[in-house]
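Novice: Just so we're on the same page, my numbering is the position in the sequence shown counted from 1, plus 1060.
Where is the CB? At the ideal position from N, CA and C, for every residue including glycine.
Pasting a structure here, questions to come.
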Amino acid sequence: MRERSAAVLEGAQGAPRVAPDAAWFTRSPQEVALGLLDAHVRAKSADGAVTVRLSEVEAYGGADDPGSHAFRGRTARNAAMFGPPGHVYVYFTYGMHWCANLVTGPDGEASAVLLRAGEVVEGVELARTRRPTSRTDRDLASGPARLANALGIRGGHDGADALDPGGAVSLRVREVPAGGVAGGPRTGVSGDGGLARYPWRYRLEGDPTVSRYRAA
């Protein structure tokens, strides 16, 4: 797969994209999650830059959401989830994987959107070096740990400002929200938070990079 030009990257999926402001993120995680589908997330480092077009996300609330890291209150681990909105919340899971979220809602109230899957549209070669076990390019960022790894997002990005266009992590969202969206229970969430009454996993229907659903 060859690298895409900047013009193609900007016009992919037939929609212009813009840098959001803090007000864009000061909404419910469900609203923000829907707006993040088909958005471009870019992470840069000394090794180069990688951009992922998001195809799958999950919304998480705070004390009212039994599937949320913030369900039992604020801790050192989840502090970034409490704001400011538009910042990055990164957590470590299974003793080996980083996962990336974008913080939503009013500052001081925990909620976030987990970046679950997408297509690498810039920096494919760098993503391949970070994900050498991926059999195809569509697998490079298919799943939250794979996505964070392809982007090079680690614990040091926790709390980073994704609203800064020149920052280590930046974002461009569609001016018009994507169509063809499906919702359903969140994947791998145990207990009540994984039930159908929390249909907060959103994905672009038919997109080959969407990860497989699995119950907890």
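In chain order, which alpha helix (DSSP H) runs of at least 4 residues are fully inside the region 1153–1232?
Specialist: Counting only runs of 4 or more, we get 1184–1190, 1204–1211.
Novice: Note down the Cα distance separating D1106 from H1100, rounded to an integer number of angstroms.
Specialist: Counting from 1 along the sequence shown, the entry for residue 1106 is found at position 46. Counting from 1 along the sequence shown, the entry for residue 1100 is found at position 40. Note on residue identity: the sequence assigns Ala, not Asp, to residue 1106. So the two alpha carbons sit approximately 20 Å from each other.
Novice: Comparing alpha-carbon positions, which option in A1123, A1220, R1113, K1104 lies nearest L1097?
Specialist: Your numbering for residue 1097 matches position 37 in the sequence shown. Nearest option by C-alpha distance: R1113.
Novice: Taking the alpha-carbon of P1268 as reference, which of S1115, D1081, P1080, V1092 has the nearest alpha-carbon?
Specialist: Translated into positions along the sequence shown, residue 1268 becomes position 208. Nearest of S1115, D1081, P1080, V1092 to P1268, Cα basis: S1115.
Novice: Could you name the residues of the same chain whose beta carbon sits closer than 8 Å to that of E1169, not counting the 5 residues immediately before and after it, in chain order?
Specialist: Sequence index remark: in the sequence shown, residue 1169 carries index 109 (1-based). Around E1169: G1122, F1142, G1143.
Novice: In angstroms with no decimal places, state the Cα-to-Cα distance between R1077 and G1095.
Specialist: Taking the sequence shown and counting its residues from 1, one reaches residue 1077 at position 17. Taking the sequence shown and counting its residues from 1, one reaches residue 1095 at position 35. About 11 Å.
Novice: Assign S1065 to buried or exposed, taking buried as 16 or more other Cβ atoms, counted over all protein chains shown, within 10 Å of its Cβ.
Specialist: In the sequence shown, the residue the question calls residue 1065 occupies position 5. Caution applies to S1065, whose pLDDT of 34 falls short of 50 and renders its modelled position unreliable; the value that the coordinates give is listed next. By the neighbour-count rule (16 or more Cβ atoms within 10 Å), S1065 is not buried but exposed.
Novice: Note the first and the last residue of the continuous beta strand (DSSP E) segment covering E1118.
Specialist: The sequence position of residue 1118 within the sequence shown is 58, counting from 1. Taken as a continuous stretch (DSSP letters only), the beta strand (DSSP E) holding E1118 covers 1108–1120.
Novice: Residues in the same chain with beta-carbon distance under 7 Å from A1222, minus the five sequence neighbours each way, listed in chain order, please.
Specialist: Taking the first residue of the sequence shown as 1, we reach residue 1222 at position 162. For A1222, where only same-chain residues beyond five positions count, the Cβ hits under 7 Å are G1146, H1147, V1148, L1162, V1229, S1230, L1231.
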